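K.L.:
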Amino acid sequence: MKKFITLLLLSFLTLILVLIVRTFTYQFKKIEKTGDNEVVLTAPSEKAIRRFAGGIRIPTISNEFYEETNFGPFEEFMRYLSDSYPEVYKVMDTDTINTYGMIFHWKGKNSTLKPVLFLSHYDVVPVIGYDQSIITDTIFQLNDKPLPPIQSYAIKWDYPPFSGAVINGRIYGRGTLDMKCMLFSLMEGADNLIAEGFQPERDIWFAFGHDEEVSGRQGAVKIAEYFKNKELNFDAIYDEGGIIAAPSSAIESIKVPLGLVGTGEKGFLTLRLTIKGMGGHSSMPPEKS
Ligand SMILES: [Zn+2]
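Numbering-wise (this note's numbering), the sequence shown opens with residue 1366 and increments by one.
1) With DSSP as the reference, please indicate the residues paired to leucine 1623 in a beta bridge.
2) When we look at the beta-carbon of leucine 1512 and count the other beta-carbons within 10 Å, is it buried (16 or more) or exposed?
3) Relative to ligand 1, is the shortest distance from any of its heavy atoms to the C-beta of aspartate 1543 smaller than 6 Å?
4) For alanine 1601, count neighbouring Cβ atoms within 10 angstroms of its own Cβ and tell me buried if that reaches 16, exposed if not.
5) If you draw a straight line from the C-alpha of glutamine 1583 to the C-alpha of histidine 1575, how long is it?
6) What do you reckon, are the CB atoms on leucine 1551 and phenylalanine 1571 nearer than 7 Å?
7) Measuring only the C-alpha atoms, how far is proline 1438 from isoleucine 1423?
8) Using 10 angstroms around the beta-carbon of glycine 1446, count the other beta-carbons present and answer buried if the total reaches 16, otherwise exposed.
9) Between which residues of its own chain and methionine 1544 is the CB-CB distance below 6 Å, once the five residues before and five after are set aside?
10) Measuring straight from C-alpha to C-alpha, what distance separates asparagine 1594 and glutamate 1553?
11) Using 8 Å for Cβ pairs, my map puts histidine 1470 next to aspartate 1568. What's the rounded Cβ distance?
12) Check each candidate in Phe1389, Leu1382, Leu1380, Phe1377 and name the one with the smallest Cα separation from methionine 1643.
13) Quick check: what's the CA-CA separation for isoleucine 1515 versus isoleucine 1536?
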């Protein structure tokens, strides 16, 4: 019996010893330094702003009656795009769908991966009570005091809707939000990455429709058929988002402000956080925690 107790005591002491030694010699894993502190510049360059404003100036207005559309500006817009982004056109394969729909294909390094598709459209809705043929001289003021608003244009427009005016950090015009913004963001992004010698891992496709505001039957639908014929399946598709609407605004029937949470659009983010510190209990916090 005595022997047994001694043995038990000895093993207990050994355990204590091991615990103490382990506690004082425990090494925290070294954290590899990643490039997290790198500053990413998000402010657009003047060149980018000028290219975008130039696109706003082309009045690609959709018409309810497709046959009555003035396609002149659409042709001009397509020319403008290829003149503005020659490198993108050099690196990517391009195609036109139903004359005005535009397709870009950026080949990735790994053809076994499913491609991703980015969408946009470059038609805009008409401006009621505004002479659409008026395109004023360029107003371009980066970081300057605002000019006095031009009063002679339709009430809601401080600057003509096809001026692409850049005033005091704002860009004015039809399509700045819906949806030339996304189109030019994609082109700028690609242009910048191409200049850095970047090639995507998987194939990237861009598709820009020309009649989204009046159903998309001549643009988006035909583009979808094109991809279907190619038997292309995408890993992800990114498109224009929903809106945040107030009562009596865009969606008349709503009674409270409504914002669509575009989960499919936003995707998700998984983070692993590693924190190095002392253990303990919140009831007895150390001086510094
Ligand atoms: Zn739109």
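A virtual CB, placed ideally from N, CA and C, is assigned to each residue, including glycine.
Values in this document were obtained by computation on a predicted structure and should not be read as measured data.
P.N.:
This is what the structure gives:
1) Ala1610
2) Model confidence at leucine 1512 stands at a pLDDT of 47, short of 50, so the residue's coordinates are unreliable and nothing is read from them.
3) yes
4) exposed
5) 8 Å
6) yes
7) 6 Å
8) It is leucine, not glycine, that sits at residue 1446 in the sequence shown. Buried is the call here.
9) Ser1485, His1486, Glu1605
10) 29 Å
11) 7 Å
12) Phe1389
13) With a pLDDT of 46 at isoleucine 1515, under the threshold of 50, the modelled position of that residue is not reliable, and the figure given next carries that caveat. Whole-angstrom Cα-Cα distance: 15 Å.
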